[in-house]
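Asker: Residue numbers (UniProt numbering): 1 to 487. Below is the structure I would like to discuss, written out as structure tokens.
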């Protein structure tokens with residue numbers, strides 16, 4: 001029987017969702033981090049899974065490497081160089097082409113196992129995973145964050161660990177982030193430092209999260225902190241301090257963010273399907289895609305996959321700052337309607353601004369498209385929609401009419417882009433009950449997608465189009481888009 005602390009040789013055969021490879025020892029499954037399929041390795045057992053049915057291990061020594069193994073581009077994340085590698089680059093030891101191939105296998109395996117799709121179907125056999133190019137400086141990530149240790153120095157956490165390991169330059173970040181040299185500062189009373197490097201001419205935005213119990217206003221007023229010396233001299237950069245998230249706080253008790261320098265927002269430029277440049281405001285703490293090339297790819301691909309026609313109605317659930325909604329608005333035109341739902345207050349406010357008369361998130365063909373922005377959890381918004389369209393609790397505003405942030409009528413197409421945990425059974429059932437002609441599911445987690453695909457198939461929806469995109473190089477993460485139509 002395998003026990004934690006055991007060490008032995010093993011041969012890996014397949015990749016698993018989550019980044020580990022699968023091997024077997026004395027008939028027992030072992031998930032091995034930092035491996036490549038087809039390698040002979042010496043491993044150390046870290047822990048046992050539920051009921052001791054499987055084990056988790058890491059590599060001690062590579063005895064027979066795969067031809068797809070390479071030198072890790074980030075030494076601090078290389079498990080063969082350091083006993084405690086930082087997280088965030090768990091595929092870095094694998095050649096890029098093999099990374100893409102393995103991600104394709106993971107998507108297919110999850111849709112087969114959880115979504116009950118036929119592995120020999122034309123859809124899965126013809127699955128393509130696009131790899132997005134990196135920027136000219138070799139980076140790709142426009143959003144990064146550092147943790148802060150007890151001395152005020154920047155670092156990152158190890159795999160499933162709470163320690164803060166010191167790091168400096170990030171090889172996956174765009175040059176605009178590394179050029180700030182934020183690791184040279186001493187960030188006292190700060191627990192996290194986030195940086196957004198926008199695609200527009202705006203300067204980078206540094207978002208500082210105050211330590212628990214520290215009020216942002218006090219940090220700004222405290223001359224001993226000297227935040228100005230931490231921010232790079234001679235470079236245009238914005239910075240804002242936000243309060244630490246504390247569960248159980250009542251509305252109105254949360255301290256206000258404090259502007260340190262510049263503005264508390266950035267603007268992102270995206271090329272619409274027709275070639276027109278759109279601009280999206282993203283506030284401090286708001287969501288935007290990490291990969292520099294991802295927004296263009298997603299907007300154009302999802303808009304095309306939707307199959308929308310002028311004058312139709314589209315729903316954009318988990319809509320963020322309105323990236324996908326803008327592409328859908330371009331498809332339905334001035335006679336169409338788009339309903340976008342976002343639960344984050346900051347990001348929902350960004351979406352409302354982006355589709356306001358002052359915003360610039362629409363092409364000339366979509367200037368007069370009705371875009372309804374609802375700040376709400378998706379499940380709650382769908383309940384309100386159902387109630388307002390003949391359900392038992394008809395949704396009314398204070399003035400007695402239908403709620404202005406919940407549209408009337410059924411959608412032609414529903415697009416959903418949920419967070420990593422997926423949409424879940426109740427949201428899927430509500431979408432199916434709205435009876436659209438097409439559902440476009442954008443997934444950042446193959447397992448959640450597989451589960452939700454199974455729910456959709458239970459309601460008679462079948463996948464008809466499938467595409468993956470590698471928006472997270474050197475990590476196990478992959479984005480997938482699936483079109484479902486009524487079978």
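Note that CB positions come from ideal geometry on N, CA and C, so glycine has one too.
(1) Which residue comes first and which comes last in the beta strand (DSSP E) that contains residue 94?
(2) What residues in its chain sit with their C-beta under 6 Å from that of residue 377, if we drop five residues either side in the sequence?
(3) Which ranges does the beta strand (DSSP E) cover as unbroken runs of at least 3 residues, wholly within the region 244–306, from first to last along the chain?
(4) Assuming residue 463 is part of the alpha helix (DSSP H), what are its boundary residues?
(5) Rounded to a whole number of angstroms, what is the C-alpha to C-alpha distance between residue 104 and residue 233?
(6) Touch check for the region 105–112 and the region 438–455: three-plus C-beta pairs under 8 Å?
(7) Measure the CB-CB distance between residue 260 and residue 239 and report whether it falls below 7 Å.
(8) Can you give me the Cβ contacts of residue 258 inside the same chain, cut-off strictly under 6 Å, excluding the 5 residues immediately before and after it?
(9) Does DSSP put residue 367 in a helix, a strand or coil?
(10) Helix, strand or coil for residue 151, going by three-state DSSP, please let me know.
(11) Which runs of the alpha helix (DSSP H), 4 residues or longer, sit entirely within the region 302–356?
(12) Should residue 395 go down as buried or exposed, given a rule of 16 or more other Cβ atoms within 10 Å for buried?
(13) Roughly how many angstroms lie between the CA atoms of residue 75 and residue 320, to the nearest whole one?
(14) Any contact of the region 40–54 with the region 81–89, i.e. 3+ C-beta pairs under 8 Å?
(15) Please report the straight-line C-alpha distance between residue 263 and residue 420, rounded to a whole angstrom.
(16) Should residue 415 go down as buried or exposed, given a rule of 16 or more other Cβ atoms within 10 Å for buried?
(17) With contact counted as at least three CB pairs below 8 Å, one residue from each stretch, are the region 294–301 and the region 323–333 in contact?
(18) Under the rule that 16 or more other beta-carbon atoms within 10 Å means buried, what is residue 452, buried or exposed?
(19) With a threshold of 8 Å on Cβ separation, who are the neighbours of residue 274 within its own chain once the five nearest residues in sequence on each side are excluded?
(20) Per the DSSP calculation, residue 373 is bridged to which residue(s)?
(21) Have a look at residue 11 and residue 38 and give me their C-alpha separation to the nearest angstrom.
(22) Assuming residue 148 contacts residue 164 under a Cβ cut-off of 8 Å, what Cβ separation, rounded to an integer in Å, is found between them?
(23) Please confirm if the region 346–364 is in contact with the region 269–283, defined as three or more CB-CB distances below 8 Å between the two stretches.
(24) State buried or exposed for residue 99, treating a residue as buried only when at least 16 other CB atoms are found within 10 Å of its CB.
(25) Which of the three DSSP states is assigned to residue 187 in this structure?
(26) According to the neighbour-count rule (16 or more other Cβ atoms, all chains shown, within 10 Å of its Cβ), is residue 281 buried or exposed?
(27) Return the chain-ordered ranges of every beta strand (DSSP E) run that is complete within the region 48–92 and spans a minimum of 3 residues.
(28) Taking 7 Å as the cut-off, decide whether the C-beta atoms of residue 369 and residue 334 are in contact.
(29) Could you pull the start and end residues of the alpha helix (DSSP H) that residue 32 belongs to?
(30) Report the option in 454, 480, 412 whose CA atom is closest to the CA atom of residue 441.
(31) With DSSP run on the structure shown, which of helix, strand or coil describes residue 132?
(32) In chain order, what residues of the same chain have a beta carbon less than 6 Å from the beta carbon of residue 462, not counting five sequence neighbours either side?
(33) Identify which residue in 294, 341, 337 has its Cα closest to the Cα of residue 317.
(34) Tell me which residue opens and which closes the alpha helix (DSSP H) that residue 177 is part of.
(35) Which value, in whole angstroms, describes the spacing of the CA atoms of residue 186 and residue 154?
(36) Based on the DSSP secondary-structure assignment, which residues constitute the bridge partners of residue 416?
Answerer: A quick look at the data gives this:
(1) Per DSSP, residue 94 belongs to no beta strand (DSSP E) and is neither H nor E.
(2) For residue 377, where only same-chain residues beyond five positions count, the Cβ hits under 6 Å are 343.
(3) 258–261, 265–271, 277–283
(4) First-last for residue 463: 461–470, but that is the beta strand (DSSP E), not the alpha helix (DSSP H).
(5) 45 Å
(6) yes
(7) Taking 7 Å as the Cβ cut-off, residue 260 and residue 239 qualify as a contacting pair.
(8) Contacts found: 216, 217, 220, 241.
(9) coil
(10) coil
(11) You should have 323–332, 345–354.
(12) With a pLDDT of 37 at residue 395, under the threshold of 50, the modelled position of this residue cannot be trusted; read the value that follows with caution. The residue is buried, with at least 16 neighbouring Cβ atoms inside 10 Å.
(13) 34 Å
(14) Under the Cβ criterion (8 Å, minimum of three pairs), the region 40–54 does not count as touching the region 81–89.
(15) 30 Å
(16) buried
(17) yes
(18) buried
(19) Within the same chain, residue 274 has close Cβ partners 330, 363, 365.
(20) 340
(21) 6 Å
(22) 7 Å
(23) A contact exists between the region 346–364 and the region 269–283.
(24) buried
(25) Looking at residue 187 - three-state DSSP - the assignment turns out to be coil, as it is neither helix nor strand.
(26) Classification of residue 281: buried, given that the 10 Å Cβ count is 16 or more.
(27) 54–64
(28) yes
(29) Where residue 32 is concerned, there is no enclosing alpha helix (DSSP H), although the beta strand (DSSP E) it sits in stretches over 28–33.
(30) Residue 441 has its Cα closest to that of 480, out of 454, 480, 412.
(31) Of the three classes helix, strand and coil, the one that applies to residue 132 here is coil, per DSSP.
(32) 487
(33) Of the candidates 294, 341, 337, the one whose C-alpha sits nearest the C-alpha of residue 317 is 341.
(34) 175–178
(35) 8 Å
(36) 317, 441
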